[in-house]
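Student:
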Ligand code: ATP
Ligand code: MG
């Protein structure tokens, strides 16, 4: 059996290849010791680890494990999933929305990390907790999808009210910029606040990705990372905003496991 592990800042993603079929599991990073003891049960497995917590996890294992650089692993995993799904993209921007966001230019077999932003899934968790006190990921996602952003976010069309804006009116002019001094913030619901947090993260991630696509002369952007797990609102914001800014957004099934798959492919 081959096991690929991507130990990131928030989640440990595991891909196992058993009798030709791939299986996936994920654990919170707080369960690192548990994951190490679980892996120790597979004493004949070929193990490869990637991600920011790879060295820490490796030091807790009592068997041999290879370690590879996270960006190489992620891009190899993406290529594997594209081929498996018969998607023929070979030049694209790859945006990994993890705890933070990492942006890569992939051109056939080459990849280059061209930048990133600290605005990512961790921002959703942190700002959501600060604004609403909620810390549970599923609860944040379930409430956000019910919220409207109109009372919190300022659109270009709000500023140009009654006039023709020079850019699409649906673009956000200012995230969190529409809170009037008259509206007391405790009138805002958790749903509205969480929807706007999701909007801020999705629009930032889409905007930097579209700028990267322009810089690299490509039009497709593949979005991966656990931040999209069960979060259709974030997907929708990223998708709409990417299209509005003239690029082509793509999401791949099991995209959050690209790093783990790439690690597994090491052997
Ligand atoms: P990085 O690559 O930046 O080191 P990571 O690999 O741990 O971090 P991902 O696993 O891709 O990052 O994504 C983490 C994000 O996924 C969280 O910030 C959160 O928004 C979201 N998420 C999805 N499911 C969960 C969950 N069960 N618990 C906590 N966060 C979750
Ligand atoms: Mg990661």
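Residue numbers (the UniProt record's numbering): 2 to 268.
Glycine included, C-beta positions come from ideal geometry on N, C-alpha and C.
For residue 159, name the three-state secondary structure that DSSP assigns.
Tutor: If DSSP states are grouped into helix, strand and coil, residue 159 belongs with the helices.
Student: By Cβ distance, which residues of its chain are closer than 6 Å to residue 246, with the 5 residues on each side in sequence left out?
Tutor: 211
Student: Taking only the alpha-carbon atoms, compute the straight-line gap between residue 48 and residue 67 and give it to the nearest angstrom.
Tutor: Straight-line spacing of the CA atoms in residue 48 and residue 67 works out to 6 Å.
Student: Which term fits residue 195, buried or exposed, when burial requires 16 or more other beta carbons within 10 angstroms of its beta carbon?
Tutor: Buried, by the Cβ-count rule.
Student: Closest to residue 9 by CA distance: which of 23, 44 and 53 is it?
Tutor: 53
Student: How far does the alpha helix (DSSP H) with residue 7 in it extend, from its first residue to its last?
Tutor: Note, residue 7: premise wrong, no alpha helix (DSSP H); beta strand (DSSP E) at 3-8.
Student: Output yes or no for whether 8 Å exceeds the beta carbon distance between residue 174 and residue 156.
Tutor: yes
Student: Which residue wins for smallest C-alpha separation from residue 116, given the options 110, 102, 109 and 122?
Tutor: 102
Student: For residue 31, tell me which candidate among 142, 14 and 45 has the shortest Cα-Cα distance.
Tutor: 14
Student: Residue ranges of each beta strand (DSSP E) run of no fewer than 3 residues wholly in the stretch 29-91, ordered along the chain?
Tutor: 47-51
Student: With a Cβ-Cβ cutoff of 8 Å, do residue 83 and residue 90 count as a contact?
Tutor: Yes, they are a contact pair.
Student: How would you write the range of the alpha helix (DSSP H) that residue 147 sits in, first residue to last?
Tutor: Premise fails: residue 147 is in no alpha helix (DSSP H) and is neither H nor E.
Student: Since I believe residue 228 is in contact with residue 249 (beta carbons under 8 Å), could you give me their beta-carbon distance rounded to a whole number of angstroms?
Tutor: Actually they are not in contact, since the Cβ atoms of residue 249 and residue 228 sit about 20 Å apart, beyond 8 Å.
Student: Just checking residue 100 against ligand 1 - is the residue's beta carbon closer than 7 Å to any of the ligand's heavy atoms?
Tutor: yes
Student: Rounded to the nearest angstrom, how far is the Cβ of residue 197 from that of residue 160, given a contact under 8 Å?
Tutor: Between residue 197 and residue 160 a beta carbon distance of about 17 Å is seen, past the 8 Å cut, so the two are scored as non-contacting.
Student: Is the stretch 92-102 touching the stretch 120-129, taking contact as three or more C-beta pairs under 8 Å?
Tutor: yes
Student: Could you tell me whether the Cβ atoms of residue 262 and residue 81 are closer together than 8 Å?
Tutor: yes
Student: Distance, Cα to Cα, residue 258 vs residue 225?
Tutor: Using only the alpha carbons, I get a separation of about 9 Å.
Student: On the three-state DSSP scale, how would you describe residue 24?
Tutor: strand
Student: Classify residue 41: buried if its beta carbon has 16 or more other beta carbons within 10 angstroms, exposed otherwise.
Tutor: Of the other Cβ atoms in all chains shown, fewer than 16 fall within 10 Å of the Cβ of residue 41; this residue is therefore exposed.
Student: Following a CB-centred definition, is residue 7 positioned closer than 7 Å to any heavy atom of ligand 1?
Tutor: yes
Student: Taking the alpha carbon of residue 95 as the point to measure from, which residue in 231, 108, 87 and 127 has its own alpha carbon closest?
Tutor: Cα-wise, what sits closest to residue 95 is 108.
Student: Pick from 216, 141, 77 and 253: whose alpha carbon is nearest that of residue 110?
Tutor: For the residues 216, 141, 77 and 253, the minimum Cα distance to residue 110 belongs to 77.
Student: Just confirm the distance between the C-beta atoms of residue 222 and residue 93, as a whole number of angstroms; I'd bet it's less than 8 Å.
Tutor: 7 Å
Student: Nearest to residue 146 by alpha carbon, out of 200, 70 and 131?
Tutor: Residue 200 holds the alpha-carbon nearest to the alpha-carbon of residue 146 among 200, 70 and 131.
Student: Would you tell me roughly how many angstroms separate the C-alpha atoms of residue 143 and residue 167, rounded to the nearest one?
Tutor: 35 Å
Student: Using the rule of at least 16 other Cβ atoms within 10 Å of the residue's Cβ for burial, across every protein chain shown, is residue 260 buried or exposed?
Tutor: Residue 260 comes out buried.
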